[in-house]
Structures are given as structure tokens and as C-alpha cells.
Amino acid sequence: MDNDKEMSEKDKVTRTNSESVGEGKKDQMNEESEQAKKESPKAELTSDHQDGDESKSEIMEEENAEPKKEEGVNAETFESTELQEKVEETNPSNVSPVDSDKSTHDVSGEQSAVTQEQSEESTNDEEEEIEAVDYSHFNKKELLNALKELVATEKYSKIDSVVSEIKNHFDDIYNKEKDIALKDFLEKGGTTDDFQYRAEDEDRLFFAAYNDFREKKSNFLRDQERQKEKNLQAKNEILDRLRELVDGEETTHSISTIKSIQEEWKKIGPVPGSQNRSLWASYNALMDRFYDNRSIYFELKELDRKKNLEQKLEICEKAESLIKLDDLKEAIKILNDLHEEFKHIGPVPRDEQEALWQRFKSASDAVYERRKEFYDSQKEVFKDNLIKKEALIEKLSSFKDFTTSKIKEWNTKTKEVLAIQKEWEATGPVPREAGKEVNKKFWGHFKQFFHNKNQFFKELDDIRLTNKKKAEELISAAEALMESTDWQETSGKLINLQQEWKKIGPTPEKVRDELYRKFKHACDTFFDNRRDANKQVNKEFEDNLKLKETLCEKIRSESEGENLSEESLEKLITEFNAIGFVPRKNMKEIIAKFNEAVDAYVNKLGVAGGQKEEFLFRLNLNKLQADPNANRVLNKKEHGIRKQIADLENNITLWKNNLEFFAASKTADKLKDQFDEKINKAEKEIDKLKKKLSIIREF
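Below, the structure written as C-alpha cells:
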């Protein structure tokens, strides 16, 4: 009944369209259809049979459309019995031989046009399905990003329902926030009439993005209609050329010309629905006349049909091989392409048509049956997923009340929580009736953990702000002393200020360098002034040089003894740093002697393995304390190490993605070993670098 009603509606559209076309062209189209019917009933039946193949292909394509997935729901599959009924309705082999001549024109002029119209529109609308996502736990920022990503795909028809879902979730959050704001306003003594809700930036950005989507969708649909009008004009021009070819004298180039016209026609795309049937009727009638009125080319036509048979047999073989393809999604995609190719190849010898179609249909049914079995099997998978997700909820619940005063421990727990989140996301959907509850529990625990973490770092930020104030006070004190000429006393004060500066602790990163620059400028100004005004003080530097040389000899001599210890070496280094400046010309030399003596001591001390590397790194930081630029150097080292960590983490992510990409290749095991080795090496290097960061923070 639905099919009859649809055909009736299409008849009305066709009649309306025919009235809008010029009387001359309408009569011409009708005459072409009638003439084709009278002159070549056999050819029409053949053409109709081809259209029947296309109709079957159309149904198989509809059968192939992936069901939309929703969380907690196993997507319904198309029943193979429904497919069989549709094929039997469309397959011209169901027409009895006695009635075939009588029904030829109706099938060719009516059913063929409708089938080709549906095929053309469905082909045009075929796009990759939008992946289903559960947006119920998304916050406003995530919903905004999801909306922007969908709009960027420009698949406006496909994403319309998904955008509406996102809009509904966003509206829920927006209305809840508004209600909370209103409640708070009323509790503070306000009235509903006086309440004015101020939307956040994310609200304004979301509604702007949503309006942008609606405008782009409107423009997209408008452009489609314009393109259909252009396609209509192009197809009418092809019909005019086809009439000239059919009515003109036959030539040796007629076959190649008709093939070229067929290719052009196929590539043009859809036209307004009201025009589609009349166009196809005229096109089919003219094509029938071309093949049936030129008996000289019948032999070529049969040869062409045999070539078509060879191509379709090859397609059947490809379709039959899909049952062995492990990737079901890829098999469905390839089958779609094969149906499209099968539909456009053209007719085959009449006695081969039915057997060929049944072979192709059987291969297609086998693939669709695999898909049905897969979706049926998902019901049990959903139950297993529920059990897994409940276990993850239990695992995550231990983190919701976690607290510590150490950044490292927060980072460790964060990694564990994010690992649980990855397991959750990889688990897959659960039955619908349980989906909402498990999501609520999981994301409740998840958000509570990160709320506690954010609270901790908020308090840490308060500490950094306090340190910022201390740094500003030291800068003010240094700036007050930088123009002093009391070299001895002021020098001591500035050195004390420098010692206090080292004890301050971390400050906000965005002002850290600027604070250091100001403090260093004040100190450098004083010491530069003192150096310029007291060049005779170089003797003090000479004395310092002698003291440092003596200390270097002491370190070297002790390194040759037996009572060596890390504590003794650190004291000697501290003593060296406390001595003071030496003449500029001797700076590199004394530092080289000092480093040489320390290296000899360390080598004799015999610190092994990773401990040696850590010990040497700590010693180098101790040696830096003698440098007035120590803080700047430390900051530079810290930034460099952070960059190394970030680069290694990015490489690890890339290598893991590559592992997933090559998972199906023949050399997967070999590649996996190579990438696992790289990943393990990088992770060990990250641990070393993080240890160095913790040591730097001690200074």
C-alpha cells in the first residue's frame, strides 16, 4: 500500500511538471516513449530488466545503510525477509511471460523512471554515517567543541539530528545554571522581575555557533536546489543531443557517441523531483530507439552485453569473496561500491540476466546476514559491557576522596584516573535501561576527583601569589640599595637579599622572568657601580683566587685519600661558592680547575649507575650557586627539561597511534616490538627528567 501511494504521489508530481514544460517538448517526450514501445518491445523488456537489476541494487543499498547507534541500545538490523520481499516486488523476472509484452511500456516508462530516480537520489545522499556519541555527560565547553567539529564537516543533512541533541543537552545545562542563578538572586532578597541572567562567554559562543549552523544548512539546501536546476538544464541539453543522434543518419561513431552521452548523463547528478520521471522516460525511450532502430549495430550490442556479462561476473566474484573479509564494516562499504558499479555497467544477454542477478543477490545476502548476526550478538556484548563498567565504577570510587599535599602524588593519581577513563571509553555501550545510571555514577566520581585536585592547585596558586609579594618586597629593597656607595655594607645586604631570594619558592610562571629581571637589574647595577668605582679592590679578587686555588688543591688532595663522602664534597663546594669573586680574566681557569678537582673526587667516590647521574646533577646545581645568574640558569634548565618531557610524551602518543594503525599488517609483530622498545626507552627517559625537575625545585 505504501509503495502504491508513493507511486501515486510521484504521478501527481510528474503531471504537474509536464504541465510546466512547453507543449512541444512534452508531446515530443510522449511520442518518443510511445514510439519506443511500438518499435522495439524486446529492447524495452531488456532495458526494463536492467532497471530491475538497478532496483535490486537500490534495495540492497538501503539495506546496507548502517543503523544509527545510541547508547545502551543495540541497533536494529534489516531483516533478510524484508529484503527478499522488496527484491521480489522490483525484480522483473516475476512478470509472467504471457504478460511481458503488455507490461513492457509500463515497466520501462514508470517503474524504471521511479527506480532510477530513487537510485540517483540515494547515491547522491550516500555519505559516511556520523559516529554516535553520548553527549549526556559533556560540559558546556565540550558541547561547544563538539558542535564546532560537526559544523566543520559540512554534512548538514547528516548532522542535523546530532546538532539538535547537542543543543538539547546544552539548553538543559544553561537552564539549570539560570535556575540556580535565579534561586540565589531570590535568596539574597531579589525579585523575579528584577532578575537578569548574564550568559557566560561559552553560552554566547554556543548560540552563535548554532545560529551559524542553521544559516549554513539553509544555504547548503538552497545551493542543492540551484544545482538541481543546473543539472536539469544539462540533462535537457543531453536529451537534445540524443534526439539529434537518434533521428540522424547512423555513422561508425554512433556507438562511441552514445557511450559518451551515457557517461555524461550518469555524472550529472540529481534534478528536481518533479522533473525526474519525465527526464528518465525520455532518456530511456531515446536509448531504446537508438539500439532498436539500427539493426546494423545489433551484433555490436550483443558483443557489448557479453562484455557487460564479463564485468558483472567479475563483480559477483568480488562480492562472494567479501564473506571471508574480517572487517565487516569494510565489507559493507565494498559491497555498496559493487552495487553501484553493477547498476551502471549496462545490460547483459537476456538468458543470463536472472541467474546473474540471483548469484549477485546471494553473495550480498550472505554479507547482510553476517551483519544481522553481528548486531544480534551485540545484545550479550552490551550486558558484558555493563558488568565491566560497574567494575570500573567501583575502581574509580576509591579516588573520589583522595587528597595529598604533594604535586607528584596528584599527578600519579591523575594518570590512574585517566587510565580508568580510557578503559571506560573503550568498553562500549550498555543496555539503555542501565546507561543513564552507570554514567551518572562514573562521571560523578570522576568530577569529584578533579574537583579536589583543582582545589589543591588553587591553594598552591595562593602560595605562589604570596611568594610573588615576597619577591616584590625583595625587589623594592634591592632597588633602594642599588645606587648606594657604601660598598661594604650594601654588598652584604644585597648578598643577603640574594640568599632570601633563593628561599622564596615558586612564583606564578607568567611573572617569574620579569620579577627575576628586575631583581637582577638592581643587584647588577650596584655591583657594576662598585666595580667601576673600586678597581683597586681587584686585590680582594686576587685573594679570592688564591683561596679558591687552595681549596681546589684541598679537594684534589682529599680525593686521593680514603675518607671520602658526598657530604664532605658538598661542604667543600659550598665553601668554594662562599669565597667570592675572582678577577674576570681568571674566572674560566679557576672554574675549570674546580670542576676537574670535583670530577676527580666524584670518580674516586665511586657513585654508581643512576645514582651517579643524579649526584652529578645535584653537584652541578650546587656549583651554580656561585653564579649571580643562578636563578636564570635554573629557570632555563627547568624549561628545557619540561620541553624534553613534552616532546617525549608526544612521541609516545604518536608511536602508540602507529601501533594501532599497523595492527592489521603482516609485519605487525615486528613493528610492535620496535615501537614497544622506543616507548619503553622514552618512558625511562621521562622518569629521569622528572627526577631532575624535582631536584631543581629544591634549589
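Residue numbers for the sequence shown follow my numbering, so the first one is 873 and each next one is one higher.
A virtual CB, placed ideally from N, CA and C, is assigned to each residue, including glycine.
Assign residue i to buried or exposed, taking buried as 16 or more other Cβ atoms, counted over all protein chains shown, within 10 Å of its Cβ.
i	result
N1040	exposed
L1172	exposed
I1335	exposed
Y1028	buried
G1307	buried
L1264	buried
Y1240	buried
S1236	buried
Q1147	buried
F1329	exposed
K1215	buried
I1187	buried
D1160	buried
F1092	exposed
As a quick exercise: from the options, pick the residue whose alpha carbon is nearest that of residue i.
i	options	result
E1305	K1179, N1449, L1258	L1258
L1185	A1394, F1466, E1226, A1450	E1226
I1045	P1219, L1016, F1067	L1016
V1383	N1368, L1337, T1357, I1127	L1337
E1049	K1030, I1031, E1072	E1072
E1570	P1301, I1347, P1378	P1378
N1449	L1441, N1494, A1157, K1418	N1494
C1395	E1414, A1405, E1014, G1364	G1364
F1489	K1562, I1551, K1542	K1562
A1157	S1126, E1182, R1115, G1120	R1115
F1278	L1332, I1110, D1112	A quick correction: the sequence has Lys, not Phe, at residue 1278. Of L1332, I1110, D1112, the residue nearest in Cα terms is L1332.
R1298	F1254, K1313, L1565, N1283	Note that residue 1298 corresponds to Ala in the displayed sequence, not to Arg. Cα-wise, what sits closest to A1298 is F1254.
F1010	K1312, N1208, N1083	K1312
N1467	L1194, A1018, C1424, L1419	C1424
N1047	K1190, S1437, Y1069	Y1069
Using the Cα positions of residue i and residue j, report the straight-line distance between them to the nearest angstrom.
i	j	result
E1245	Q1134	40 Å
I1130	D1095	31 Å
N1416	N1410	10 Å
L1104	A1004	36 Å
E1430	N1503	31 Å
I1140	E1202	28 Å
S975	E1192	Because S975 sits at a pLDDT of 34, beneath the cut-off of 50, its placement in the model cannot be relied upon, and the following sentence gives the value as read from the coordinates. Between S975 and E1192, the C-alpha separation is close to 33 Å.
K1055	G1061	10 Å
N1530	G1145	47 Å
Q1327	Q1320	11 Å
A1153	S1234	31 Å
E1447	E1344	30 Å
A1107	R1149	In the sequence on display, residue 1107 carries Lys and not Ala. Roughly 12 Å separates the two Cα atoms.
L1228	I1524	52 Å
E1224	L1151	29 Å
Y1155	D1176	19 Å
D1164	E1087	51 Å
S1036	F1042	10 Å
K1443	E1381	32 Å
W1315	D1065	36 Å
E1355	T1422	35 Å
V1053	N1522	Position check: residue 1053 holds Ala in this sequence, whereas Val was assumed. Using only the alpha carbons, I get a separation of about 42 Å.
I1513	E1557	11 Å
Is DSSP giving residue i helix, strand or coil here?
i	result
Y1163	helix
T1063	coil
H1317	helix
A1004	coil
N1011	coil
M1354	coil
K1027	coil
L1197	coil
D1209	helix
Q1293	helix
T976	At T976, the pLDDT of 35 sits below 50, so the modelled position is not reliable and the matter cannot be decided from this model.
A1071	coil
V1302	coil
D1471	helix
Are the beta-carbon atoms of residue i and residue j separated by less than 9 Å?
i	j	result
N1339	K1272	no
F1067	L1077	no
I1462	V1454	yes
L1369	L1353	yes
K1013	E1109	no
E1309	L1346	no
K1178	P1142	no
F1318	Q1293	yes
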